[in-house]
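Engineer: Protein chains in written order, with the working numbering: chain B, 40 to 520; chain C, 5 to 107; chain E, 27 to 517.
In this text, a Cβ means the ideal position worked out from N, Cα and C, and glycines have one as well.
In this text the structure is predicted, and so the values were computed from the model without any measurement.
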Amino acid sequence: MSDAAHARHEAVIGLEIHVQLRTRTKLFCGDTVAFGGAPNTRVCPVCLGLPGALPVVNALAVELAVRTALGLGCTVHETSRFARKHYFYPDLPKGYQITQHDEPIATGGSLDIRRPGERRIRIRRVHLEEDAGRSLHDRFDGCTAVDLNRAGVPLVEIVTEPDLRSPAEARAFLDRLKQTLQYLDVSDCDMEKGSLRVDANISIRASGGASSGARTELKNLNSFSSVERALEWETARQARAVGKGGVVEPETLLWDADRGEARSMRSKESGSDYRYFPEPDVPPVSLSADLIASIAAALPEMPAAKESRLRASYGLPAGDASVLSADRHLADWFEAVAQQTGDGKASSNWVLTHVLGWLNQRGLSINEIPFTPARLAELIGLVLDGTISVTAGRSVFREMAESGKNARDIVAARGLAQVRDDEQIEVWVDTVVARYPDEVMRYRAGAAQVFGFLMGRLMKESAGTADPRRASELLRRRLDE
Amino acid sequence: MPVSAADVAAAAALARLQLEPGAAAGLARELESILAHVETLAAAHVDGIPPTASAADVPAALRADVPAPEGLQVPLEAMAPAWRDGFFTVPRLAAHRGDRSHE
Amino acid sequence: MSDALHRRSIAGIAGDVASGVQQATAVVRAALSDIVRCESGPDRLNAVISYDHDAAVADAAAMDRRAAAGDSALPLAGVPVAIKDNICTLGLPLTCGSRILAGYEPPYEATAVQRLRAAGAVVVGKTNLDEFAMGSSTEHSAFGPTLNPMDRGRVPGGSSGGSAAAVAAGWVPAALGSDTGGSVRQPAAFCGVVGLKPTYGRVSRYGLVAYASSLDHVGVFGRTVADAAAVLDVIAGHDPLDATSVRAEQPALSGAIRHAASRGQLPLQGIVAGVPDEYFPDWVEDGVRAACSTALDTLRELGATIRPVSLPSTRYALPSYCVLATAEASSNLARFDGVRYGVRTRDAATVDVLWELSRSAGLGAEVRRRIILGTHVLSAGYHDRYYVQAQRVRARIRHELDDVLASGIDVLFTPTTPAPAFAPGTHAGDAWGSFQSDVFTVAANLAGLPALSQPVGRSGGLPVGGQLIASRWREDVLVRVAAALETGLAA
Ligand SMILES: [Mg+2]
Ligand SMILES: [Zn+2]
Chain B
40 MSDAAHARHE AVIGLEIHVQ LRTRTKLFCG DTVAFGGAPN TRVCPVCLGL PGALPVVNAL
100 AVELAVRTAL GLGCTVHETS RFARKHYFYP DLPKGYQITQ HDEPIATGGS LDIRRPGERR
160 IRIRRVHLEE DAGRSLHDRF DGCTAVDLNR AGVPLVEIVT EPDLRSPAEA RAFLDRLKQT
220 LQYLDVSDCD MEKGSLRVDA NISIRASGGA SSGARTELKN LNSFSSVERA LEWETARQAR
280 AVGKGGVVEP ETLLWDADRG EARSMRSKES GSDYRYFPEP DVPPVSLSAD LIASIAAALP
340 EMPAAKESRL RASYGLPAGD ASVLSADRHL ADWFEAVAQQ TGDGKASSNW VLTHVLGWLN
400 QRGLSINEIP FTPARLAELI GLVLDGTISV TAGRSVFREM AESGKNARDI VAARGLAQVR
460 DDEQIEVWVD TVVARYPDEV MRYRAGAAQV FGFLMGRLMK ESAGTADPRR ASELLRRRLD
520 E
Chain C
5 MPVSAADVAA AAALARLQLE PGAAAGLARE LESILAHVET LAAAHVDGIP PTASAADVPA
65 ALRADVPAPE GLQVPLEAMA PAWRDGFFTV PRLAAHRGDR SHE
Chain E
27 MSDALHRRSI AGIAGDVASG VQQATAVVRA ALSDIVRCES GPDRLNAVIS YDHDAAVADA
87 AAMDRRAAAG DSALPLAGVP VAIKDNICTL GLPLTCGSRI LAGYEPPYEA TAVQRLRAAG
147 AVVVGKTNLD EFAMGSSTEH SAFGPTLNPM DRGRVPGGSS GGSAAAVAAG WVPAALGSDT
207 GGSVRQPAAF CGVVGLKPTY GRVSRYGLVA YASSLDHVGV FGRTVADAAA VLDVIAGHDP
267 LDATSVRAEQ PALSGAIRHA ASRGQLPLQG IVAGVPDEYF PDWVEDGVRA ACSTALDTLR
327 ELGATIRPVS LPSTRYALPS YCVLATAEAS SNLARFDGVR YGVRTRDAAT VDVLWELSRS
387 AGLGAEVRRR IILGTHVLSA GYHDRYYVQA QRVRARIRHE LDDVLASGID VLFTPTTPAP
447 AFAPGTHAGD AWGSFQSDVF TVAANLAGLP ALSQPVGRSG GLPVGGQLIA SRWREDVLVR
507 VAAALETGLA A
């Protein structure tokens with residue numbers, strides 16, 4: 040695509056995100072929800088679509104959907120209703136999906152994104168629905184294998200308004216959304232397990248113009264970077280089509296991440312009339328205003344609010360607050376440390392540099408850390424009060440992380456406590472002055488930079504235990520005699 | 005409102021029913037005769053009456069999120085028309101491309 | 027006399043079996059012997075389409091052991107019952123009168139059946155029906171038509187024609203059916219037995235194969251009002267597996283009947299029966315009209331006040347039902363796709379062809395016609411005109427009935443059907459005609475109200491049914507009036 044085409048067109052993007060809720064059982068039956076396992080072992084008359092079986096709604100799924108909606112600033116409706124969406128597919132047992140149509144659980148929210156620029160993206164609706172099963176097309180030669188363990192797993196579908204204006208914005212929105220959902224603790228949001236799935240629709244229009252062209256729909260987007268790449272590819276394709284004086288046909292495209300291109304699904308046959316009607320087997324879901332209010336009151340602090348509070352309460356720079364608040368558990372961990380040390384910035388430095396560094400090296404998440412915030416706070420305290428040097432602190436940290444011992448014991452065992460006894464320090468001063476007469480002479484002749492070298496020797500002589508401040512005072516006093 | 009053979013064919017396709025050759029026209033006439041009675045509904049005074057989907061107007065009783073696996077008294081492979089290694093099997097979709105096309 | 031054991035009242039059978047005076051095995055053998063003798067002979071009714079003689083006798087023996095062990099919660103001890111074959115039972119096939127379910131045995135049991143067994147009843151067979159309960163004559167079954175035991179030249183009504191015939195033939199004192207537009211009451215009327223459709227939500231639908239979920243009810247056939255009431259007492263009540271089943275208090279109906287009987291010389295003193303003019307149009311058959319007049323006279327003699335009422339939306343009931351029932355049916359029957367159970371066409375290259383061939387070969391003509399109609403009324407461009415309008419009309423019909431029943435009327439009395447049982451083939455080729463005999467019964471389904479049909483006389487030698495409709499959850503009023511009328515008409 041030429042730069043000119045880029046300049047003349049902007050993308051109009053809306054996203055539909057399916058998120059698996061973290062319930063123990065399915066949306067309409069008592070089968071457990073789990074990833075993997077032997078096929079067709081977590082099934083019952085209801086999710087197999089056996090004749091005569093009836094769905095009954097999982098209360099926790101409703102609560103998590105409400106939590107999701109409130110976290111996205113939506114209006115939760117006191118009455119919502121399930122509906123049937125009809126189509127045939129081998130892994131859709133009843134010939135319809137139970138979803139919500141005219142009366143979703145919530146509408147009209149928004150989510151703010153920071154990058155590339157500060158923007159508010161409107162959420163059109165949030166609704167509950169059941170997942171379908173899995174069709175495995177390559178399990179056996181020449182036929183499709185159907186596993187219904189996933190059939191009936193509860194999902195929320197989150198639909199945005201077409202407010203996103205670039206693939207990068209779409210990506211930033213998804214990052215923010217995932218962070219928000221994790222804060223809300225409604226889903227594990229694991230794209231690899233299919234707990235978070237994204238479809239995108241996109242059209243282009245003259246920059247700033249009002250009229251949009253036809254919309255295409257992108258499916259099979261298996262990662263956030265796939266979403267961004269696919270949208271870039273499709274923006275370019277549409278711009279080229281329009282640039283050549285053509286038109287964009289409405290169609291559904293499947294993204295092929297390996298090839299880096301999308302291809303058209305067979306043009307929709309007569310099969311896309313879903314014939315929605317209210318699900319007669321499930322009466323309307325009724326949520327009292329009190330219940331909605333109590334779920335709202337129990338919502339955790341959202342990422343943006345947490346970020347500004349970390350800055351204000353702990354005096355953190357914006358960068359620190361942003362990284363710490365990216366993960367609710369990391370922020371909680373940090374706060375536990377900072378509250379004990381009473382020094383926000385020092386605690387942040389330790390968490391961001393040492394703790395994250397150590398976890399990253401091992402590919403661990405903050406939830407898997409083998410020591411408590413109190414242990415780290417103890418170590419930071421030893422450094423802050425001068426019991427050990429910063430250098431010693433780093434080494435104690437490594438041992439603490441590996442062995443699980445506490446910092447004080449490590450310091451004692453390794454004799455790392457700083458020596459502040461003048462008599463002992465004078466011994467090391469003597470040794471250094473005696474061993475490096477040339478350097479002492481150069482210093483006394485005016486080469487002030489040699490002090491650093493001599494100080495370094497002294498610290499080495501003390502095996503890092505000399506209190507650097509006192510050692511520096513005594514060394515300088517001797518040299519200046 | 006007339007019902008055409010094309011209407012019948014469209015409905016049959018949605019319902020995944022095969023029509024015998026030439027059957028659509030006859031079915032269209034039958035449907036039209038039934039719908040002629042249905043058209044009288046347009047004369048009913050229903051202003052301000054919301055459509056009701058059910059005879060019951062109690063809200064849904066919800067189920068606690070507690071595993072309650074219902075044992076099947078007949079094994080799945082006994083009821084499945086085709087079964088292999090724990091899977092139901094079917095021929096491929098006509099539109100098969102190796103990927104899923106759920107809406 | 028041992029072969030009459032199963033022809034006694036439920037209270038009689040259960041009382042004797044529970045107290046050990048009689049053996050459940052003997053009662054069940056007597057019922058099975060009737061069924062086997064008739065159904066395997068040249069004059070078969072084709073009412074019972076599957077049974078397992080030995081399993082039923084074994085169930086009865088288990089029942090006898092429970093009674094001997096002193097189990098006192100056995101209101102149906104040793105009572106043989108038949109189950110319409112669109113209700114799941116363990117150990118017997120489920121056909122729904124269709125080829126598409128050939129070879130299918132449900133891996134679970136309907137709540138209503140579980141409750142029957144828990145109360146001591148023994149399932150002796152599954153009964154014939156119009157395929158997937160779509161029809162009013164039990165002619166549209168893959169297993170052939172059922173005949174009316176009152177007159178083998180007539181249909182038994184439908185769709186629960188097999189259950190009605192089994193009770194009318196005297197094989198079982200009670201049977202379960204399903205009633206979506208009249209499918210219990212209309213065959214009850216045609217066969218001269220009692221058919222009771224409870225309030226929507228009173229009896230769990232779990233395990234009843236759906237035809238039109240918002241209209242479907244599990245209903246009961248009995249030889250008498252008391253027998254039907256005794257069975258409803260057992261199967262009623264909230265079921266956590268059916269979200270539309272309701273936690274409503276239900277006083278024991280048997281109590282309501284005793285209450286009626288124990289009153290003074292006027293058991294229906296204080297009862298007001300409404301007679302809607304719209305249910306007595308000039309095309310109601312004369313014999314039906316006459317039998318209903320007699321019934322109304324009897325009600326009056328029993329102390330009831332008869333008051334004319336008006337239900338002007340009555341004429342919209344059948345068209346509204348026709349749209350909603352077929353729309354829901356088109357959805358409910360989508361699951362019969364040959365993927366997980368049921369029959370499948372072997373030679374399909376793609377699953378798309380498999381769906382079409384399996385469904386077209388497995389489903390009968392009437393079912394296919396209703397699915398296509400239901401799909402059409404839901405499809406883009408027609409949805410609002412047909413489906414949504416029918417929902418609004420349904421709401422209006424319901425409000426109208428609720429209003430009348432809240433205006434000092436305890437029950438409505440109407441004919442169950444405009445005419446007695448018709449001859450086979452009467453509605454062949456008449457698409458609308460197949461809905462026509464439900465014209466007086468569908469309103470109670472649209473409104474979810476409890477309704478009952480009972481024999482009120484004869485016309486040309488055929489039974490005539492009278493219908494009572496009561497307020498929501500007032501099955502007690504329904505059976506009290508019906509029991510009194512039953513006694514009054516017998517006198
Ligand atoms: Mg969806
Ligand atoms: Zn299940």
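(1) What are the boundary residues of the beta strand (DSSP E) that residue 466 of chain E is part of?
(2) Can you list, in chain order, the residues of its chain whose CB lies under 7 angstroms from that of residue 413 of chain B, leaving out five sequence neighbours each side?
(3) Tell me residue 151 of chain E's beta-bridge partners as DSSP assigns them.
(4) State the Cα-Cα distance for the pair residue 509 of chain B and residue 503 of chain B, rounded to the nearest angstrom.
(5) Compare the C-beta of residue 15 of chain C against all C-beta atoms of chain B and say whether one is closer than 7 angstroms.
(6) When every heavy atom of ligand 2 is checked, does at least one fall within less than 6 angstroms of the C-beta of residue 85 of chain B?
(7) In chain order, what residues of the same chain lie with their CB nearer than 8 angstroms to the CB of residue 117 of chain B, ignoring the 5 residues before and after it?
(8) Taking 6 angstroms as the cut-off, is the beta-carbon of residue 256 of chain B closer than that to any non-hydrogen atom of ligand 1?
(9) Would the beta-carbon of residue 346 of chain B be found less than 6 angstroms away from any heavy atom of ligand 1?
(10) Mind checking if residue 170 of chain B is an interface residue toward chain E, Cβ cutoff 7 angstroms exclusive?
(11) How is residue 79 of chain B classed by DSSP in three states: helix, strand or coil?
(12) So, for residue 71 of chain B: in the same chain, excluding its five sequence neighbours on each side, which residues have a beta-carbon less than 7 angstroms away from its beta-carbon?
(13) Counting only Cβ-Cβ distances shorter than 8 angstroms, please list the residues of the segment 338–350 of chain E near chain C, keeping chain order.
(14) Give the C-beta separation of residue 353 of chain E and residue 403 of chain E to the nearest angstrom, bearing in mind that I take them to be a contact with Cβ-Cβ under 8 angstroms.
(15) Do residue 434 of chain E and residue 298 of chain E have their C-beta atoms closer together than 7 angstroms?
(16) Using a Cβ-Cβ cut-off of 7 angstroms, state whether residue 133 of chain B counts as contacting chain E.
(17) Return the first residue and the last residue of the alpha helix (DSSP H) that residue 192 of chain B is part of.
(18) According to DSSP, is residue 308 of chain B part of a helix, a strand, or is it coil?
(19) Cβ of residue 312 of chain B within 7 angstroms of Cβ of residue 18 of chain C?
(20) Find out if the Cβ-Cβ distance for the pair residue 471 of chain E, residue 218 of chain E is shorter than 7 angstroms.
(21) Could you name the residues that DSSP lists as bridge partners for residue 119 of chain B?
(22) Would you say residue 455 of chain B and residue 431 of chain B are within 7 angstroms of each other, going by their C-beta atoms?
(23) Check whether the segment 255–263 of chain E touches the segment 84–93 of chain B, taking contact to mean three or more Cβ pairs, one atom from each stretch, closer than 8 angstroms.
(24) Could you tell me which chain E residues have their CB closer than 7 angstroms to the CB of residue 10 of chain C, listed as they occur along the chain?
(25) Using a threshold of 6 angstroms, is the CB atom of residue 114 of chain E nearer than that to any non-hydrogen atom of ligand 3?
(26) Alpha helix (DSSP H) containing residue 409 of chain E: first to last residue?
(27) By Cβ distance, which residues of its chain are closer than 7 angstroms to residue 362 of chain B, with the 5 residues on each side in sequence left out?
(28) Could you work out which residue in E:212, E:196 and E:426 is closest to residue 253 of chain E when comparing CA atoms only?
(29) Could you pull the start and end residues of the beta strand (DSSP E) that residue 182 of chain B belongs to?
(30) Any beta carbon from chain C within less than 7 angstroms of residue 382 of chain E's own beta carbon?
(31) Taking the Cβ atom as the reference point for each residue, do residue 28 of chain C and residue 7 of chain C lie within a distance shorter than 7 angstroms?
(32) Nearest CA to the CA of residue 167 of chain B: which residue from B:234, B:194 and B:78?
(33) For a test of your reading of the model: does the CB of residue 70 of chain B fall under 6 angstroms from any non-hydrogen atom of ligand 2? Yes or no.
(34) How would you call residue 160 of chain E, buried or exposed, if buried means at least 16 neighbouring beta carbons within 10 angstroms?
(35) Taking a Cβ distance cut-off of 7 angstroms, strictly less, list which residues of the segment 19–42 of chain C are near chain B, in chain order.
(36) Could you name the residues that DSSP lists as bridge partners for residue 493 of chain E?
Structural biologist: Reading it off the structure:
(1) Taking the third sequence and counting its residues from 1, one reaches residue 466 of chain E at position 440. Neither: residue 466 of chain E is in no beta strand (DSSP E) and is coded neither H nor E.
(2) Numbered from its first residue, the first sequence carries residue 413 of chain B at position 374. Once the five neighbours on either side are set aside, the close Cβ partners of residue 413 of chain B are 379.
(3) Numbered from 1 along the third sequence, position 125 holds the residue referred to as residue 151 of chain E. DSSP, once it has assigned bridges, lists E:108 as partnering residue 151 of chain E.
(4) The residue labelled residue 509 of chain B in the question sits at position 470 within the first sequence. The residue labelled residue 503 of chain B in the question sits at position 464 within the first sequence. Cα to Cα, residue 509 of chain B sits roughly 13 angstroms from residue 503 of chain B.
(5) Translated into positions along the second sequence, residue 15 of chain C becomes position 11. Judged by the 7 angstroms Cβ criterion, residue 15 of chain C is not in contact with chain B.
(6) To locate residue 85 of chain B, count along the first sequence from 1; it is residue 46. Answer for residue 85 of chain B: yes, Cβ within range of ligand 2.
(7) As a position in the first sequence, residue 117 of chain B is number 78, starting the count at 1. Excluding positions up to five away in sequence, the list reads 325, 326, 327, 328 and 331.
(8) Stepping through the first sequence from its first residue, residue 256 of chain B is reached at position 217. Not under cutoff, so the answer is no.
(9) One-based indexing of the first sequence puts residue 346 of chain B at position 307. Result no, Cβ not under 6 angstroms from ligand 1.
(10) Here residue 170 of chain B refers to the residue found at position 131 of the first sequence. No, residue 170 of chain B lies away from the interface with chain E (no Cβ there is under 7 angstroms from its Cβ).
(11) For the purposes of this step, residue 79 of chain B is taken as the residue at position 40 of the first sequence. The answer is coil: DSSP assigns residue 79 of chain B none of H, G, I, E or B.
(12) For the purposes of this step, residue 71 of chain B is identified with residue 32 of the first sequence, where counting begins at 1. The residues are 63, 64 and 81.
(13) 339, 341, 342, 344, 345, 346, 348 and 349
(14) Walking along the third sequence from the start, residue 353 of chain E turns up at place 327. Walking along the third sequence from the start, residue 403 of chain E turns up at place 377. Their Cβ separation, rounded to whole angstroms, is 5 angstroms, which keeps residue 353 of chain E and residue 403 of chain E in contact under 8 angstroms.
(15) Within the third sequence, numbered from 1, the residue matching residue 434 of chain E stands at position 408. Within the third sequence, numbered from 1, the residue matching residue 298 of chain E stands at position 272. Yes; because the gap between Cβ atoms is below 7 angstroms, this pair is in contact.
(16) Position 94 of the first sequence, counting from 1, holds the residue named residue 133 of chain B. Yes, residue 133 of chain B counts as interfacial toward chain E.
(17) The count along the first sequence starts at 1 and reaches residue 192 of chain B at position 153. Neither: residue 192 of chain B is in no alpha helix (DSSP H) and is coded neither H nor E.
(18) Within the first sequence, residue 308 of chain B is the residue found at index 269, counting from 1. With a pLDDT of 46 at residue 308 of chain B, under the threshold of 50, the predicted position of this residue should be treated as unreliable, and no value is reported.
(19) Sequence index remark: in the first sequence, residue 312 of chain B carries index 273 (1-based). Sequence index remark: in the second sequence, residue 18 of chain C carries index 14 (1-based). Yes, Cβ-Cβ distance for residue 312 of chain B and residue 18 of chain C is below 7 angstroms.
(20) Within the third sequence, residue 471 of chain E is the residue found at index 445, counting from 1. Within the third sequence, residue 218 of chain E is the residue found at index 192, counting from 1. No, the Cβ-Cβ distance between residue 471 of chain E and residue 218 of chain E is not below 7 angstroms.
(21) By 1-based counting over the first sequence, the position of residue 119 of chain B is 80. Beta-bridge pairing links residue 119 of chain B to B:324.
(22) For the purposes of this step, residue 455 of chain B is identified with residue 416 of the first sequence, where counting begins at 1. For the purposes of this step, residue 431 of chain B is identified with residue 392 of the first sequence, where counting begins at 1. For residue 455 of chain B and residue 431 of chain B, yes; Cβs fall inside 7 angstroms.
(23) no
(24) Residue 10 of chain C sits at position 6 when you count from the first residue of the second sequence. What residue 10 of chain C touches in chain E: nothing, since even the nearest Cβ is about 11 angstroms away.
(25) Absent from the structure shown: ligand 3. Ligands present: ligand 1 and ligand 2.
(26) Indexing the third sequence from 1 puts residue 409 of chain E at position 383. Residue 409 of chain E -> no alpha helix (DSSP H), and no H or E assigned at all.
(27) Walking along the first sequence from the start, residue 362 of chain B turns up at place 323. So the qualifying residues of the chain are 391.
(28) In the third sequence, residue 253 of chain E corresponds to position 227, counting from 1. Nearest option by C-alpha distance: E:196.
(29) In the first sequence, residue 182 of chain B corresponds to position 143, counting from 1. Run containing residue 182 of chain B: 182–186, per the beta strand (DSSP E) assignment.
(30) As a first step, residue 382 of chain E must be located in the third sequence, where it is residue number 356. Output row for residue 382 of chain E: interface = yes.
(31) Counted from its first residue, the second sequence places residue 28 of chain C at position 24. Counted from its first residue, the second sequence places residue 7 of chain C at position 3. The answer is no: Cβ separation not under 7 angstroms.
(32) Counting from 1 along the first sequence, the entry for residue 167 of chain B is found at position 128. With distances taken between Cα atoms, residue 167 of chain B lies closest to B:194.
(33) Taking the first sequence and counting its residues from 1, one reaches residue 70 of chain B at position 31. Yes, the beta carbon of residue 70 of chain B sits closer than 6 angstroms to at least one heavy atom of ligand 2.
(34) As a working mapping, residue 160 of chain E is identified with position 134 in the third sequence. Classification for residue 160 of chain E: buried.
(35) 20
(36) By one-based count along the third sequence, residue 493 of chain E stands at place 467. According to DSSP, residue 493 of chain E bridges with E:440 and E:479.
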